[in-house]
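**Student:** If you read the protein sequences in the order shown, they are chains A and B. Under my numbering, the first residue of the first sequence carries the number 60, and numbering increases by one thereafter. Under my numbering, the first residue of the second sequence carries the number 412, and numbering increases by one thereafter. This structure is in C-alpha cells; I'll ask about it shortly.
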Amino acid sequence: MDAILLQILNGLDKGSAYALIALGLTLIFGTLGVVNFAHGALFMIGAFCAVTLQRLLSLSYVTIDETRTDFLGNPLKVKTPYVESWFGPEIGQALIDWSVPLSILFAIPVMVGLGFLIERGLIKHFYKRPHADQILVTFGLAIVLQEIVKFIYGANPIPTPAPEAFSGSFDFGVLIGFEPNAIIYPYWRMIYFVFALIIIGAVFAFLRFTTFGMVVRAGMADRETVGLLGINIDRRFTIMFGVAAAVAGLAGVMYTPINSPNYHMGMDFLVLSFVVVVVGGMGSLPGAVLAGFLLGILESFASMNEVKSIVPGIDQIIIYLVAIVILLTRPRGLMGRKGVMEE
Amino acid sequence: MSKTKLTRRGVLKTGAAAGTGLALPTIFTGAAWSASDTGFTNAPTGPTVTLGFNVPQSGPYADEGADELRAYMLAVEHLNGEGDGGMLNSFSSKALNGTGILGKKVEYVTGDTQTKSDAARASARSMIEKDGAIMITGGSSSGVAIAVQGLCQEAGVIFMAGLTHSNDTTGKDKKANGFRHFFNAYMSGAALAPVLAKRYGTDRKAYHLTADYTWGWTQEESIRAATEALGWETVNTVKTPLSATDFSSYIAPVLNSGADVLILNHYGGNMVNSLTNAVQFGLRDKIVNGKKFEIVVPLYSRLMAQGAGENVKGILGTTNWHWTLDRPGTKEFVQSFGKKYGRPPSQAAHTCYVQTLLYADAVQRAGSFNPCAVVEALEGFEFDGMGNGPTLYRADDHQCFKDVLVVQGKENPTSEFDLLEIVDITPVEQVTYPPDHPMFAGGDLGTCNPGA
Chain A
60 MDAILLQILN GLDKGSAYAL IALGLTLIFG TLGVVNFAHG ALFMIGAFCA VTLQRLLSLS
120 YVTIDETRTD FLGNPLKVKT PYVESWFGPE IGQALIDWSV PLSILFAIPV MVGLGFLIER
180 GLIKHFYKRP HADQILVTFG LAIVLQEIVK FIYGANPIPT PAPEAFSGSF DFGVLIGFEP
240 NAIIYPYWRM IYFVFALIII GAVFAFLRFT TFGMVVRAGM ADRETVGLLG INIDRRFTIM
300 FGVAAAVAGL AGVMYTPINS PNYHMGMDFL VLSFVVVVVG GMGSLPGAVL AGFLLGILES
360 FASMNEVKSI VPGIDQIIIY LVAIVILLTR PRGLMGRKGV MEE
Chain B
412 MSKTKLTRRG VLKTGAAAGT GLALPTIFTG AAWSASDTGF TNAPTGPTVT LGFNVPQSGP
472 YADEGADELR AYMLAVEHLN GEGDGGMLNS FSSKALNGTG ILGKKVEYVT GDTQTKSDAA
532 RASARSMIEK DGAIMITGGS SSGVAIAVQG LCQEAGVIFM AGLTHSNDTT GKDKKANGFR
592 HFFNAYMSGA ALAPVLAKRY GTDRKAYHLT ADYTWGWTQE ESIRAATEAL GWETVNTVKT
652 PLSATDFSSY IAPVLNSGAD VLILNHYGGN MVNSLTNAVQ FGLRDKIVNG KKFEIVVPLY
712 SRLMAQGAGE NVKGILGTTN WHWTLDRPGT KEFVQSFGKK YGRPPSQAAH TCYVQTLLYA
772 DAVQRAGSFN PCAVVEALEG FEFDGMGNGP TLYRADDHQC FKDVLVVQGK ENPTSEFDLL
832 EIVDITPVEQ VTYPPDHPMF AGGDLGTCNP GA
C-alpha cells in the first residue's frame, strides 16, 4: 500500500512536467496549427534561465590568499560573490540560495521574448507550409538552441539546488497513519506539483475568464470568422506562443532542483510530451493535462519491482503501449475533438 | 577496353610466393620488424606518423572527451620534444627522447565517437582509411571501446582504450590489438570491499540500481561478488534504462526494501541524477536496521562529482587515478597539464595521456610501427613513473594491473576540481585476478593482426 501511494506521488510530479509541456504544445497547435518540435528546447532554455541567474548572482571578484596555495603551488585565488560584498554575506548567500525561485521572475520576460522572436522570426513563415516542413524547421531550431546552450555551458549537468529550506523531505506516512519514514516525499517535488497546478489553473482561467482568452478560443475554433469580424487574431496568437513558451520555461526553471539540467534535457521530455498530446487528443487542453498526469503515474507504476518482475522491461515501453491502446480504442485520443488534423 | 590476363602459371607463382610468406616462422618475421617497416596497415612512409584520437566531442560526454583531447594534445607535444616533457621525465622506460616516434614527428587526427558505437566505429574507420592513422585511442564508454576495439583488430591497427571500465573490454571481448590502462569493475569491487567492511561493517543489506548495458552488468556482478564475500546480503538488483532521467520511481522502492546500503552502478548523467534523487528522498538521513543508511558509487569521475554537486560529499567510490595521488609522474603531469590548461587533469585525461606515451614507447623499443611488434613490446611490460606506481601490462589479456584508489566526495572542496579525496589505496595484489576468472571468461585474445 505504502509503495503504491509513493508511486502515485512520484507519478504526480513526473506528470506535472509532462502536463506543463504538453499544455504549451497544445496551445501552440490549437492556435497556430503548428507542431512545435522546439518545445522541449524551450523547457531546457527555461532551466538554463535558472542556471544563468545562479551564475549571475555568483559572479565573483578574486582576491589572492597568500597563506594557501592552489594545485600548481601558486597562491590561492579566493572568489567572493559581488552580491555578498554589496548586501553583506548573509543576504548575499540567501540570494544565491534562492536563485531558483527568483529565476521565475527572470525567466518570464526571457521566455516570452524568445517566444515572440521565434514565432515572428521563423515559424510565421511556415504557416502555409505542410506539417512536415513545420516539424523539420522546429526540430532544426531545437538542435540549434541545444548546441548554443552546450557551447556556453558545456555538456555536463550543472547542479542547481533548491533553497536550503526546501531541501529535505516530508513524512507523508505519519500524516495518514503509517509508520514513520514509510512514505516520505521531497519537499521540492511537492512544490513542483503545486506550482504546476497553479500554472495550469492560471492558463485555463486566462482563456476562460478574460476577453482576450475568449477571442483566442474563438480563433481556435474558427480562425477565419474571427478574422472577418475585424479582429487581429494573428497578433493574439503570437502572444499565445509567448505564453506557451513561458509555460514551458517555467516548467524548466522549477525542474532544475529535481535533476541537474543539461543541454539535452528538452529532447528527453519532447518525445514523451508528444505522446501525451496525442493520447490526450490533439488540440484539447484538458486532454493534455489529464494525459500528462495519467502517463506520469502509469510510468511510475511500471518501474515498480513487482510489475517489472511480471513483465520485464515494461518501464521502458509503458508510455508507448498505453498510446497504442488508447489510439486503437479512441482514435482521437482521450478528449480529442472531431476534425482536428483530419482534413 | 583492356582485359586482365590470368594465366595458370601466374596464379601458381603468386600462390607459391604468398604461401612461402605465410609459412615463414614468426621468429624470422619478428627479427625483420626493424629491417623494413612495411607490410602492415598504414605503415608510415614519410617524416610523420599519424595517431587517431577518437573521443566524444558531442553528446552527453563531450566535456569528458574535451579533457581527453587536451591530454592527447599534451602527449603529442611532449613526444615531439615541445613543452616541459611531462611524464617523459618520470617514465621508467627511457626509450623516448622527444624526437617523435622512431624519429617521425607525431601528428594527429580526431574523430567524434558521440558515445555511440556505430558513430565511433565510423569515425575510427575514417581515421584509419582516409587519414592513415596507425593507432586509435580514446573513448569514454565501454560499449564504444568494445566496438572500436573489434574494428581495430579487423583493420590491423593498435587500439589503446581510453576510459572503459567494463570487465568485458579485457574479458570476453578482449582482442590482441587492444590494450587497456584503465582499471575495471572487478578491480573496483575488490578495492572497495575492505574499505566498505571497515566503514560500514560486515552485516549490511545492499540494494543495487544498475544501468542496463555491458558496463552496468559487469559492475553489478563485480560489486555484488565482492560485498557478498564480506557477508553482505543483496536485497535486490534493479536494472534501469540507460535513457532514464528521473530515478525517483526506482529510488522510492528502496525506502521500504529493508536495505541499508544503496549501490549506484550508474555512470555520467545517470549517476548524477540517481544520486541527486536518492539524496532528495532523504536516504542519507535514514536509519535502517539500526544503522545509518549509506550510498556507494563504485565508479567515480570528476565530471560526475561536478554534476552532482553537494550530494557527493562523503560518498565512497573508486578511481583509476587522482591528481592528488602522491606517486612518481603525478606531479610532472599535473604541472604540465595545469600550466597549459589552468586546471588539474581528470582521470580520463590521465589514462589517455599515459596510453599515448605507452604506445609510443612500445614502438620505440620494438623499433617498428608494426602492430605485432607493438603487441610484443607491450605484453608483460612493467613500468613506473606514470602516476599510478609500479604497473604491469599483463600479456594474457592486455589489462594493466596497478594499485586502485578508493575515494570519497570531499567535505570542503577548495575549487571546482577539488571534489574527491583519497581514502585508501588498495594494493595491486588485492585487485589481481587470474586471466581465466569466471567474470572474464569466454573470450579469446586471438593473434595480433598487422592488416594490409
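We treat Cβ as the ideally placed atom computed from N, Cα and C, and that holds for glycine. Predicted model only: the values in this text are computed from it and were never measured.
Contact criterion: CB-CB distance below 9 Å. Does S107 (chain A) meet it with respect to chain B?
**Tutor:** The residue you asked about is not Ser; residue 107 (chain A) is Phe in the sequence shown. For F107 (chain A), the answer is no, since every Cβ of chain B falls outside 9 Å of its Cβ.
**Student:** Check for me: the alpha helix (DSSP H) holding E479 (chain B) runs from which residue to which?
**Tutor:** Run containing E479 (chain B): A473 to L490, per the alpha helix (DSSP H) assignment.
**Student:** Given a threshold of 16 other Cβ atoms within 10 Å of its Cβ, counted over all protein chains shown, does W247 (chain A) qualify as buried or as exposed?
**Tutor:** With 16 or more other Cβ atoms within 10 Å, it is buried.
**Student:** Just to confirm, are S668 (chain B) and V646 (chain B) a CB contact at a threshold of 9 Å?
**Tutor:** Yes, the Cβ-Cβ distance between S668 (chain B) and V646 (chain B) is below 9 Å.
**Student:** Going by beta carbon distance, what residues of the same chain come within less than 7 Å of G796 (chain B), once the five residues before and after it are set aside?
**Tutor:** Answer for G796 (chain B): M498, S501, F502, S503, P739 and G740, listed in chain order.
**Student:** Please list the residues of the segment 309-337 of chain A that have a C-beta atom closer than 9 Å to any C-beta atom in chain B, keeping them in chain order.
**Tutor:** Per Cβ criterion, the list reads P316, I317, N318, S319, N321, Y322, H323, M324, D327 and F328.
**Student:** Against F692 (chain B), what residues of chain A qualify as contacts under a CB-to-CB distance less than 7 Å, listed in chain order?
**Tutor:** Residues of chain A passing the Cβ test: S228, I243 and P245.
**Student:** Assuming contact is defined by CB atoms lying nearer than 9 Å, are V466 (chain B) and G550 (chain B) in contact in what I supplied?
**Tutor:** Against a cut-off of 9 Å, the Cβ pair of G550 (chain B) and V466 (chain B) comes out as a contact.
**Student:** Rounded to the nearest angstrom, what separates F210 (chain A) and A473 (chain B) at their Cα positions?
**Tutor:** One C-alpha to the other measures close to 10 Å.
**Student:** K702 (chain B) bridges to which residues according to DSSP?
**Tutor:** The partner list for K702 (chain B) (beta bridge, DSSP) reads B:V699.
**Student:** Give a yes or no on whether the minimum CB-CB distance between K73 (chain A) and chain B is below 9 Å.
**Tutor:** Chain B, which has a Cβ nearer than 9 Å to the Cβ of K73 (chain A), makes this yes.
**Student:** Measuring CA to CA, which of A:G70, A:I242 and A:L82 is closest to A310 (chain A)?
**Tutor:** Closest option to A310 (chain A), Cα to Cα, is A:L82.
**Student:** Identify every residue that forms a DSSP beta bridge with L462 (chain B).
**Tutor:** According to DSSP, L462 (chain B) bridges with B:Y519 and B:M546.
**Student:** What does P755 (chain B) touch in chain A if you count any residue whose Cβ is under 7 Å from its own?
**Tutor:** Near P755 (chain B) (Cβ distances below 7 Å), the residues of chain A are F130.
**Student:** Just verifying my parser: in three-state terms, what is the DSSP assignment at I674 (chain B)?
**Tutor:** Three-state result, I674 (chain B): strand.
**Student:** Evaluate contact between the segment 610-630 of chain B and the segment 574-584 of chain B, counting only Cβ atoms and requiring at least three cross-stretch pairs below 8 Å.
**Tutor:** Yes: at least three Cβ pairs fall under 8 Å.
**Student:** State the Cα-Cα distance for the pair R695 (chain B) and G753 (chain B), rounded to the nearest angstrom.
**Tutor:** Using only the alpha carbons, I get a separation of about 35 Å.
**Student:** Against E540 (chain B), what residues of chain A qualify as contacts under a CB-to-CB distance less than 9 Å, listed in chain order?
**Tutor:** The premise fails here: E540 (chain B) is roughly 28 Å from chain A at the closest Cβ pair, so nothing lies under 9 Å.
**Student:** Counting only the same chain and skipping the five closest in sequence on each side, list residues whose C-beta sits under 6 Å from that of G680 (chain B).
**Tutor:** Cβ neighbours of G680 (chain B) beyond the five flanking positions: P471.
**Student:** Please look up how many angstroms separate the CB atoms of V559 (chain B) and F570 (chain B), rounded, as I've assumed it's under 8 Å.
**Tutor:** Yes, V559 (chain B) and F570 (chain B) are in contact; Cβ-Cβ is about 6 Å, under 8 Å.
**Student:** Starting from the beta carbon of K724 (chain B), find every residue of chain A whose beta carbon is closer than 7 Å, and list them in chain order.
**Tutor:** The premise fails here: K724 (chain B) is roughly 12 Å from chain A at the closest Cβ pair, so nothing lies under 7 Å.
**Student:** Does R127 (chain A) come within less than 9 Å of chain B when only Cβ atoms are used?
**Tutor:** Yes, contact with chain B.
**Student:** Residues of chain A with CB under 8 Å from E743 (chain B), in chain order?
**Tutor:** Neighbours of E743 (chain B) on chain A: none; closest Cβ ~12 Å, over 8 Å.
**Student:** Identify the continuous beta strand (DSSP E) that holds R127 (chain A) and give its terminal residues.
**Tutor:** Here the beta strand (DSSP E) through R127 (chain A) covers S119 to T128.
**Student:** Anything in chain B within Cβ reach of S359 (chain A), meaning under 9 Å, just list it in chain order.
**Tutor:** In chain order: S659, S660 and A663.
**Student:** Helix, strand or coil for S501 (chain B) per DSSP?
**Tutor:** Three-state result, S501 (chain B): coil.
**Student:** Is the Cβ of S144 (chain A) closer than 9 Å to any Cβ of chain B?
**Tutor:** For S144 (chain A), the answer is no, since every Cβ of chain B falls outside 9 Å of its Cβ.
**Student:** Between S362 (chain A) and chain B, is the shortest Cβ-Cβ distance under 9 Å, so that the two count as touching?
**Tutor:** Yes, S362 (chain A) lies at the interface with chain B (some Cβ there is under 9 Å from its Cβ).
**Student:** Distance cutoff 9 Å, beta carbons only. Does G573 (chain B) sit that close to anything in chain A?
**Tutor:** No, G573 (chain B) lies away from the interface with chain A (no Cβ there is under 9 Å from its Cβ).
**Student:** Going along chain A in order, which residues have a C-beta closer than 7 Å to the C-beta of D474 (chain B)?
**Tutor:** Those are G213, A214 and N215, listed as they occur along chain A.
**Student:** Flag Q819 (chain B) as yes if its beta-carbon sits less than 9 Å from any beta-carbon of chain A, otherwise no.
**Tutor:** No, its Cβ sits nowhere closer than 9 Å to a Cβ of chain A.
**Student:** I'd like to know whether the C-beta of L666 (chain B) is nearer than 9 Å to at least one C-beta of chain A.
**Tutor:** Cβ-Cβ to chain A under 9 Å: yes for L666 (chain B).
**Student:** Are there 16 or more other CB atoms within 10 angstroms of the CB of W643 (chain B), so buried, or fewer, so exposed?
**Tutor:** Classification of W643 (chain B): buried, given that the 10 Å Cβ count is 16 or more.
**Student:** Are the beta-carbon atoms belonging to A777 (chain B) and E790 (chain B) less than 9 Å from one another?
**Tutor:** Cβ distance not < 9 Å, so A777 (chain B) and E790 (chain B) don't count as in contact.
**Student:** When the distance is taken between beta carbons, is I250 (chain A) closer than 9 Å to M326 (chain A)?
**Tutor:** Cβ distance not < 9 Å, so M326 (chain A) and I250 (chain A) don't count as in contact.
**Student:** Using the beta-carbon of each residue, which ones in chain A are nearer than 8 Å to A521 (chain B)?
**Tutor:** Checking the displayed sequence, the identity of residue 521 (chain B) turns out to be Thr instead of Ala. Those within 8 Å of T521 (chain B) in chain A number zero; the least Cβ separation is about 16 Å.
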